[in-house]
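Scroll down for the structure; my scribbles are underneath it.
Have a look at this one:
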């Protein structure tokens, strides 16, 4: 039903959405598109200047500017215990009501070879932002949504907790050692919470994970500053998508009720190839495609590992050659 039904499983008109990482890229685009669908939006990010610019853009995109409400909260998602204060401010602004939808978009990527001197510190930083930044917010909002005094009954419109992972949490490639584990960890947390929320039938909550690929954004410009040359070579045939496109496809998947939201054809193939014990968007479609994907991976992995070995033969030891272009 989630995959083929026409019901909107995540209506946003008149509901309040909190988005982390909302000052640029996919987060900003998602905020604008949700505003255009009638949502009240709370933008969360560190940089106040960019937040003010994003707030103006979101207001301009609103379906009903006279009745919709928007605000921003400046916060660093990598700081321990940041989420409780953000949520308290959001609830106060929202008339004592918690947001109906929380979308954790804030993230960063620092591609490096694992033997690079900076790899371990980069991995800790990526984990703090990508995993703990989302985990902190998830814990804070679930404690609010799932408290006995906030029970609304099993037939009520569910709340939605949306994580943003990456296709690299479905298929890893060389150069993303500091980044990929943080996104795999998000997937593990989502699988756990998707089961855990069933303990609270009178407090309905749906958990989702969005899996974007490369997005044209300031974040991509920052990650390309450290990206190994072999990683750039492996990615060269994958054109990046605009933040607007990725946000639109992600929202469409959420409206279809998908648990794992892949925003591209390749992303869907990757998703079905590694489902394991995760929930399915469609048991029939995902299972059938999951049987087929290993055949594709047989060839893909041979080709990609051959590219890496060929790169090493051509350029020599990575420690003795340029790592980035």
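Residue numbers (my numbering): 4 to 328. Think of the CB as a built atom: it goes at the ideal place given N, C-alpha and C, for glycine as much as any other residue.
Return the residue from the list the options that minimises the CA-CA distance to residue i.
{"i": "residue 270", "options": "31, 229 and 213", "result": "213"}
{"i": "residue 13", "options": "26, 104 and 194", "result": "104"}
{"i": "residue 126", "options": "183, 23 and 166", "result": "183"}
{"i": "residue 152", "options": "195, 310, 101 and 73", "result": "101"}
{"i": "residue 83", "options": "132, 111, 240 and 185", "result": "132"}
{"i": "residue 64", "options": "25, 35, 277 and 156", "result": "35"}
{"i": "residue 218", "options": "77, 73, 30 and 321", "result": "30"}
{"i": "residue 123", "options": "289, 175 and 181", "result": "181"}
{"i": "residue 112", "options": "87, 192 and 228", "result": "228"}
{"i": "residue 167", "options": "249, 277, 290 and 316", "result": "249"}
{"i": "residue 21", "options": "292, 198 and 61", "result": "61"}
{"i": "residue 85", "options": "40, 141 and 99", "result": "141"}
{"i": "residue 67", "options": "28, 225, 310 and 41", "result": "41"}
{"i": "residue 236", "options": "58, 283, 309 and 201", "result": "309"}
{"i": "residue 138", "options": "191, 155 and 317", "result": "191"}
{"i": "residue 200", "options": "187, 264, 154 and 74", "result": "154"}
{"i": "residue 93", "options": "73, 81, 79 and 156", "result": "73"}
{"i": "residue 294", "options": "97, 272 and 307", "result": "272"}
{"i": "residue 19", "options": "69, 106 and 88", "result": "106"}
{"i": "residue 15", "options": "291, 160, 245 and 174", "result": "160"}
{"i": "residue 301", "options": "220, 39 and 174", "result": "174"}
{"i": "residue 99", "options": "304, 205 and 147", "result": "147"}
{"i": "residue 206", "options": "176, 87, 156 and 240", "result": "156"}
Just to confirm, is the Cβ distance from residue i to residue j under 8 Å?
{"i": "residue 178", "j": "residue 144", "result": "no"}
{"i": "residue 208", "j": "residue 158", "result": "no"}
{"i": "residue 223", "j": "residue 242", "result": "no"}
{"i": "residue 47", "j": "residue 37", "result": "no"}
{"i": "residue 23", "j": "residue 109", "result": "yes"}
{"i": "residue 149", "j": "residue 210", "result": "no"}
{"i": "residue 194", "j": "residue 280", "result": "yes"}
{"i": "residue 276", "j": "residue 298", "result": "no"}
{"i": "residue 322", "j": "residue 118", "result": "yes"}
{"i": "residue 32", "j": "residue 51", "result": "no"}
{"i": "residue 121", "j": "residue 170", "result": "no"}
{"i": "residue 136", "j": "residue 81", "result": "yes"}
{"i": "residue 58", "j": "residue 231", "result": "no"}
{"i": "residue 258", "j": "residue 284", "result": "no"}
{"i": "residue 398", "j": "residue 247", "result": "The structure shown does not extend to residue 398, since the chain spans only 4 to 328, so no value can be given for it."}
{"i": "residue 252", "j": "residue 263", "result": "no"}
{"i": "residue 26", "j": "residue 53", "result": "yes"}
{"i": "residue 202", "j": "residue 134", "result": "no"}
In the DSSP output, which residue or residues are listed as bridge partners for residue i?
{"i": "residue 167", "result": "213"}
{"i": "residue 77", "result": "48"}
{"i": "residue 23", "result": "47 and 107"}
{"i": "residue 263", "result": "212"}
{"i": "residue 179", "result": "115"}
{"i": "residue 254", "result": "Note: residue 254 sits in no beta bridge, so no partner."}
{"i": "residue 218", "result": "244"}
{"i": "residue 162", "result": "208"}
For the beta strand (DSSP E) holding residue i, just list the boundary residues, first then last.
{"i": "residue 89", "result": "No beta strand (DSSP E) holds residue 89; the alpha helix (DSSP H) holding it covers 85-96."}
What residue range does the alpha helix (DSSP H) around residue i cover?
{"i": "residue 72", "result": "Element bounds for residue 72: n/a, residue is neither H nor E."}
{"i": "residue 1", "result": "Nothing can be reported for residue 1, as the shown portion of the chain is limited to 4 through 328."}
{"i": "residue 36", "result": "28-39"}
{"i": "residue 285", "result": "Here residue 285 belongs to no alpha helix (DSSP H), and DSSP marks it neither H nor E."}
{"i": "residue 271", "result": "268-276"}
{"i": "residue 142", "result": "136-148"}
{"i": "residue 235", "result": "232-238"}
With residue i and residue j assumed to form a contact (beta carbons below 8 Å), what rounded beta-carbon distance in angstroms separates them?
{"i": "residue 186", "j": "residue 197", "result": "Not confirmed; about 17 Å, so no contact."}
{"i": "residue 128", "j": "residue 79", "result": "No, residue 128 and residue 79 are not in contact; Cβ-Cβ is about 12 Å, not under 8 Å."}
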